[in-house]
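So the sequence shown is numbered by our numbering: it starts at 1047 and just counts up by one.
Presented below is the structure to which this report refers.
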Amino acid sequence: AVLEAHEALLADPELAGAVAADVAAGAAAPTAWGDRLAALGGELEAMDDPYLRARAEDVRSVRRRVLAALAGPGAPDEAVPADGPPVVLVLRELDAATAATLDPQRVAGVAALAGGDTGHGVLVARSRGVPVYPDAGPAAADVAPGAVIGFDARDRRFVVDPDEDTRRSLRELSAARAAEAERALARAHEPGATADGHPVPVLANVTTPADAGRAVASGAQGCGLLRTEILFGHLDDAPSVDAQAAAFAGIAEAFAGRPVTVRTWDVGGDKPLPFLPAPAEANPFLGERGLRLMRRAPEVLLDQLTAVCQVARDHPVHVMFPMVSTAEEVAWALERLDEAAAAAGGRPAGMRVGVMVEVPAAALAVRRVAQGLDFVSIGTNDLAQYTMAAERGNTAVSALADARHPAVLDLVARVCADVPEGTHVAVCGDLAGDPAAAVVLAGLGVEELSVVPTQVALVKARLREVTLAGARDLARRALACESADEVRALLAGAAGPADADRAGR
1047 AVLEAHEALL
1057 ADPELAGAVA
1067 ADVAAGAAAP
1077 TAWGDRLAAL
1087 GGELEAMDDP
1097 YLRARAEDVR
1107 SVRRRVLAAL
1117 AGPGAPDEAV
1127 PADGPPVVLV
1137 LRELDAATAA
1147 TLDPQRVAGV
1157 AALAGGDTGH
1167 GVLVARSRGV
1177 PVYPDAGPAA
1187 ADVAPGAVIG
1197 FDARDRRFVV
1207 DPDEDTRRSL
1217 RELSAARAAE
1227 AERALARAHE
1237 PGATADGHPV
1247 PVLANVTTPA
1257 DAGRAVASGA
1267 QGCGLLRTEI
1277 LFGHLDDAPS
1287 VDAQAAAFAG
1297 IAEAFAGRPV
1307 TVRTWDVGGD
1317 KPLPFLPAPA
1327 EANPFLGERG
1337 LRLMRRAPEV
1347 LLDQLTAVCQ
1357 VARDHPVHVM
1367 FPMVSTAEEV
1377 AWALERLDEA
1387 AAAAGGRPAG
1397 MRVGVMVEVP
1407 AAALAVRRVA
1417 QGLDFVSIGT
1427 NDLAQYTMAA
1437 ERGNTAVSAL
1447 ADARHPAVLD
1457 LVARVCADVP
1467 EGTHVAVCGD
1477 LAGDPAAAVV
1487 LAGLGVEELS
1497 VVPTQVALVK
1507 ARLREVTLAG
1517 ARDLARRALA
1527 CESADEVRAL
1537 LAGAAGPADA
1547 DRAGR
């Protein structure tokens, strides 16, 4: 979907005409394309509209790829050799389009100079099995092309021309992690559970049908989060009910009877959509995001809910609403669901309804917010961002938005303790994909985890190593820590070689 949007940009007649005029005037093609795209990116970045500002990253990505293509095979600008040892890419930022093309057999990792740990491009790369070290620092900024790099995304190590001792330790660590992954994959299709049999299903976060296939092959017990805003993010116009129903049915069929939870449009902040323009806001992350924005475009939400209801008649498809803060917002969303269900012949039997808990207010008032719902799913990426008042995509403060912080873990514990009786608690944020942190979440009372496909087997393997009592003890110790760093140290001490970071190698 992202690549289709980039193709549409290159097909723009105004841009192509300007480039053609430059070439006719004597400019080399790389110069013409590079200058025009650089100018367009600069114009977009200066805009007040948050959607247009976000598109500047897309333009920079297109520019890099066009220049690499014009330079031909072997171009140094992000070109990955077809043979030889795997490479580490050093990029100013990792956008989703570049991430979607990375071959984990050829790319050992990515060091990004800007961006947070849970940005869109980072999540896409990790879902493909490519480790990412965001905000890699001055060592990565100054590295020369072709240099030998010691790279470890888990421990955030980027060593230029490492000495023999460092190389040996990294090789040993890589071998240990590979062996751990192989053992985990051998039992990947067993149900997620602790050593004493307490069930903790492990599902997958997916965006496309290809993701769904990888998830099932990795042992996912379903889809705990389908990101519809990315699935349809390349479209200029809102998709029809039929188009959405076809896409949802295809993904549900790939999961072959396993549950699929569709998240309604999670738009705004760093995820704008052409057909759902958000108003210009001084701070879009605190503005009209998710369900709030849907109140300005209820017809778009109704079409999506109608599609979900249609597919849920034949498949175990469920629905959840993002960025909920109050019980009143939930009531409004349920009214829209009833309206859509009526148009589709009634709410399908067995379709479960829930909300995401990403805002501290929703966590603290979950008894009221989740009244009458079947489940809640905690989005730890945004919950950490809002709890710590630190934008996760802002390099200057993104380290503060760490879901391992005891304050964030305490909110997770409160949700598990305070939800109405019978309401299921899941976590679909990035924290669930850290095998050691997954144990803490189970100990806090979380009943289901949803992670990137590449982490399913490792999370299941780690859960099998502990009893529920052991998980609860680790959770108590994590809550007693003073900082996220202290929690990280605790988890590292309790973890096996593959535990500490879902992206490491």
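Where a beta carbon is used, it is the ideal one built from N, C-alpha and C, also for glycine.
Just so it is clear, the structure is predicted and the values come from calculations on it, not from any experiment.
Between the CA atoms of residue j and residue i - distance to the nearest angstrom
i       : j       : result
Val1363 : Gly1400 : 12 Å
Gln1290 : Gln1350 : 7 Å
Leu1490 : Ala1484 : 10 Å
Leu1536 : Val1170 : 28 Å
Asp1384 : Ser1371 : 20 Å
Ala1373 : Arg1414 : 6 Å
Arg1233 : Leu1249 : 15 Å
Leu1565 : Arg1213 : Past the edges of the chain, shown from 1047 to 1551, lies residue 1565, and the structure says nothing about it.
Gly1314 : Glu1089 : 21 Å
Val1412 : Asp1420 : 13 Å
Gly1167 : Glu1236 : 30 Å
Ser1496 : Pro1255 : 17 Å
Pro1127 : Pro1247 : 40 Å
Arg1393 : Val1405 : 28 Å
Gly1130 : Ser1264 : 28 Å
Val1229 : Arg1508 : The question names Val, yet the displayed sequence has Arg at residue 1229. Arg1229 and Arg1508: Cα-Cα distance of roughly 11 Å.
Ala1157 : Glu1053 : 26 Å
Val1357 : Ala1387 : 11 Å
Pro1285 : Val1354 : 13 Å
Val1376 : Ala1407 : 13 Å
Glu1210 : Gly1196 : 11 Å
Asp1257 : Asp1476 : 16 Å
Pro1245 : Leu1231 : 19 Å
Thr1144 : Val1262 : 24 Å
His1280 : Leu1055 : 11 Å
Asn1251 : Asp1360 : 21 Å
Ala1142 : Gly1259 : 19 Å
Ala1300 : Leu1148 : 23 Å
Burial state of residue i, where buried means 16 or more other Cβ atoms lie within 10 Å
i       : result
Gln1151 : exposed
Ala1066 : exposed
Gly1539 : exposed
Arg1217 : exposed
Leu1140 : buried
Asp1531 : exposed
Asn1329 : exposed
Ala1607 : The structure shown does not extend to residue 1607, since the chain spans only 1047 to 1551, so no value can be given for it.
Arg1342 : exposed
Ser1444 : buried
Ser1107 : buried
Asp1163 : buried
Leu1332 : exposed
Gly1296 : exposed
Cβ pair residue i, residue j closer than 7 Å
i       : j       : result
Val1153 : Val1176 : yes
Pro1180 : Gly1161 : yes
Thr1426 : Ala1449 : yes
Arg1172 : Val1498 : yes
Ala1298 : Val1287 : no
Ala1436 : Leu1429 : no
Leu1159 : Ala1185 : no
Val1486 : Leu1514 : no
Ala1078 : Val1069 : yes
Met1366 : Ser1423 : yes
Ala1488 : Ala1517 : yes
Val1512 : Thr1240 : yes
Gly1183 : Gly1439 : no
Residues near residue i in its chain [Cβ-Cβ closer than 6 Å; skip 5 each side]
i       : result
Gly1336 : Asp1312, Pro1368, Met1369
Asp1464 : Val1412, Arg1413
Pro1543 : With a pLDDT of 40 at Pro1543, under the threshold of 50, the modelled position of this residue cannot be trusted; read the value that follows with caution. So the list reads Ala1222, Arg1223, Glu1226, once near-sequence residues are dropped.
Thr1500 : Gly1175
Beta-carbon separation (whole angstroms), residue i vs residue j, contact threshold 8 Å
i       : j       : result
Leu1272 : Val1308 : 5 Å
Pro1452 : Leu1380 : Not confirmed; about 34 Å, so no contact.
Val1473 : Val1492 : 5 Å
Pro1325 : Asp1282 : Wrong, their Cβ atoms sit about 19 Å apart, outside the cutoff.
Ala1409 : Leu1455 : Between Leu1455 and Ala1409 the Cβ distance is about 11 Å, and since that is not below 8 Å, they are no contact.
Pro1466 : Gln1431 : Not confirmed; about 26 Å, so no contact.
Val1133 : Val1189 : Not confirmed; about 12 Å, so no contact.
Same chain, Cβ closer than 8 Å to residue i, neighbours up to 5 away in sequence not counted
i       : result
Leu1086 : Leu1061, Val1105
Val1194 : Val1206, Asp1207, Pro1208
Close Cβ partners of residue i (< 7 Å) along its chain, the five nearest in sequence each way excluded
i       : result
Ala1293 : Leu1277
Glu1389 : It should be pointed out that residue 1389 corresponds to Ala in this sequence rather than to Glu. Cβ neighbours of Ala1389 beyond the five flanking positions: Thr1352.
Val1553 : Given that the chain is displayed from residue 1047 to residue 1551, the structure contains no residue 1553 and the question cannot be resolved.
Arg1138 : Leu1159, Ala1160
Arg1338 : Met1369
Pro1119 : Confidence in Pro1119 is poor, its pLDDT being 43 and thus under 50, which makes the residue's placement unreliable; the coordinate value appears in the next sentence. None.
Asp1242 : Thr1513, Leu1514
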